[in-house]
Amino acid sequence: MAYIIETERLGLREYTPDDFDSLFGILSDPETMRHYPAPYDAEGTWRWIGWNLDNYRKYGFGLWAIELKETGEFIGDCGVTIQNIDGELLPEIGYHIHKSHWRKGYAGEAARAVRDWAFRNTDYSVLYSYMACTNTASRATAAANGMRQIREYPDPKNGVTCVCAITRSGWEALQSGGAGRPVEE
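Residue 191 is where the sequence shown ends in the working numbering, and the numbering goes up by one at each step.
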C-alpha cells in the first residue's frame with residue numbers, strides 16, 4: 007500500500023483489517039493507555055479501525071498507520087480526526103506510538119508531517135491536539151509541533167483536558183523560519 011505521507015524515517019498509510027494485531031498491541035496495553043479511561047479490548051480495537059476507515063470515506067483523512075520505512079514495522083498511528091473538544095467539533099491531530107518506540111521522536115516527526123499535510127490539503131485555519139492534562143508526553147509532542155496550550159476544561163473522561171492549537175498563520179511563520187504565533191481565541 008502506498009504511503010499518504012512520508013518522512014525521513016516514517017511512512018503513514020491508511021489502516022487495513024490486517025493491522026488489527028499490531029494495533030491491539032498498542033491499544034490494549036495499560037501503560038500506553040493510562041491516559042484513557044481504560045485499555046481497549048478486541049472489540050474496541052475493531053471499532054477503532056472501522057472508525058478510521060469511515061473517516062477516510064467521510065473526510066478523506068483519519069488516523070493513519072505509522073510504519074518504519076526501513077523495516078515496514080507498524081509502530082502506531084497519527085492523523086487528523088474530527089473530535090468533540092469542549093463541545094465543538096474540531097480538527098485534531100492525534101498520535102499513539104507503541105511503547106517500545108517511545109522517546110525516539112517518532113510521534114513528533116509524524117505529527118509535524120500530519121500538520122503540514124493538513125494545512126496543505128484542507129481549508130482549516132486552526133489545528134488542535136487535546137489530551138488529559140496529566141499526559142505530559144502528548145503535551146510535549148504538541149509543543150514540538152508548534153502548538154500552544156490555549157485552554158483547559160473539566161472533562162469526566164480526563165479529569166481536566168488540555169487543548170493545544172496552531173493557526174495557519176502560525177504554521178506559515180514556522181515554515182518561513184519564524185517562531186510561530188499562539189492561537190488567539
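For each residue, glycine too, the CB sits at the ideal point set by N, CA and C.
Predicted model only: the values in this text are computed from it and were never measured.
Minimum C-alpha distance to residue i - residue among the options
i	options	result
D227	H41, E14, A48 and Y159	This structure leaves residue 227 out entirely; the chain is present only between 7 and 191.
F125	P97, L16, K64 and G56	P97
G176	V166, P160, C168 and N151	N151
S34	G82, T77 and A8	G82
G207	G114, V120 and V166	No answer is possible for residue 207: the residues shown for the chain start at 7 and end at 191.
R19	I72, S135 and I103	I72
F80	M39, I156, K163 and R15	R15
H107	E12, T38 and D122	T38
Y42	H102, C170 and Y65	H102
D122	N58, P162, S182 and G93	S182
N164	E115, G31, Y21 and R40	R40
T140	V166, P162 and N127	V166
D129	P36, R174, T22 and G114	R174
E12	P23, Y112, I99 and E94	Y112
D161	N90, K105, V132 and F67	N90
Y21	T51, P36, V169 and A149	T51
Y62	I10, P45, P36 and G78	I10
Helix, strand or coil at residue i [DSSP, three-state]
i	result
D27	helix
A8	coil
R19	strand
H107	helix
Within-7 Å CB hit, residue i to chain D
i	result
M137	Looking for chain D here will not work: only one protein chain is present.
Whole-Å CB distance - residue i paired with residue j, under 8 Å assumed
i	j	result
T147	A179	Not quite, the Cβ-Cβ distance comes to about 20 Å (not below 8 Å), so this is no contact.
L74	N58	With a Cβ gap of about 20 Å, L74 and N58 do not count as contacting.
I55	D25	7 Å
A138	R154	At roughly 18 Å, the Cβ-Cβ gap does not stay under 8 Å, so A138 and R154 are not in contact.
I88	S135	Actually they are not in contact, since the Cβ atoms of I88 and S135 sit about 13 Å apart, beyond 8 Å.
First through last residue of the alpha helix (DSSP H) which encompasses residue i
i	result
Y112	Y112 to N127
Boundaries (first-last residue) of the beta strand (DSSP E) holding residue i
i	result
Y134	V132 to A138
In chain order, each alpha helix (DSSP H) run of at least 4 residues that lies wholly inside the stretch 39-101: 48-65
4 or more residues per run - each alpha helix (DSSP H) lying fully within the stretch 143-184: 174-181
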